[in-house]
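In what follows, a structure is listed as structure tokens, so that the remarks can point back to it.
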Amino acid sequence: MNKKFFIVMSLLAVFGIAGMFAQESAAPEVASETQVEQQASAADNSQSIKYIAAGIAVGIACIAGGMAVGKIGAAAMGAMSENAELSGKALPFVGLAEGICLWGFLVALLIIIL
23 MNKKFFIVMS LLAVFGIAGM FAQESAAPEV ASETQVEQQA SAADNSQSIK
73 YIAAGIAVGI ACIAGGMAVG KIGAAAMGAM SENAELSGKA LPFVGLAEGI
123 CLWGFLVALL IIIL
């Protein structure tokens, strides 16, 4: 588990640093054709990194949400099999774990919009 966590966090760090340095630069007053082409290429690069970062945000959030729902759901079903009255107390925790995916989607939406 610790090895997987380290790998995921290192990938997030690498793509996060790449996203920080992928900002668009302001266009100069007088620009030659090659400068305009370079700026257009840089803008395309920036947009592609935005989409990669948004995809990673949603992907990791959904994987984490799935892992959480799997563990919480299994524990909730085990508890409900012993005592049926626990269903109202156990199932909201499954819904909270599913909310992780929504947060990942919101982060991705903010990355794309901003």
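Residue numbers in the sequence shown follow the working numbering, run continuously in steps of one, and reach 136 at the last position. For every residue, glycine included, the Cβ atom is placed at its ideal position computed from N, Cα and C.
The C-alpha of residue 63 lies about 22 Å from the C-alpha of residue 36. The continuous alpha helix (DSSP H) containing residue 120 extends over residues 109-135. Residue 113 and residue 90 have their C-alpha atoms spaced approximately 13 Å apart.
Minimum Cα-Cα distance from residue 83 among the listed residues 105, 31, 100, 103 corresponds to 31. Under the three-state reduction of DSSP, residue 105 is assigned to coil, being neither helix nor strand. For residue 115, same chain residues with a beta-carbon under 6 Å away, outside a window of 5 residues either side, are 94 in chain order.
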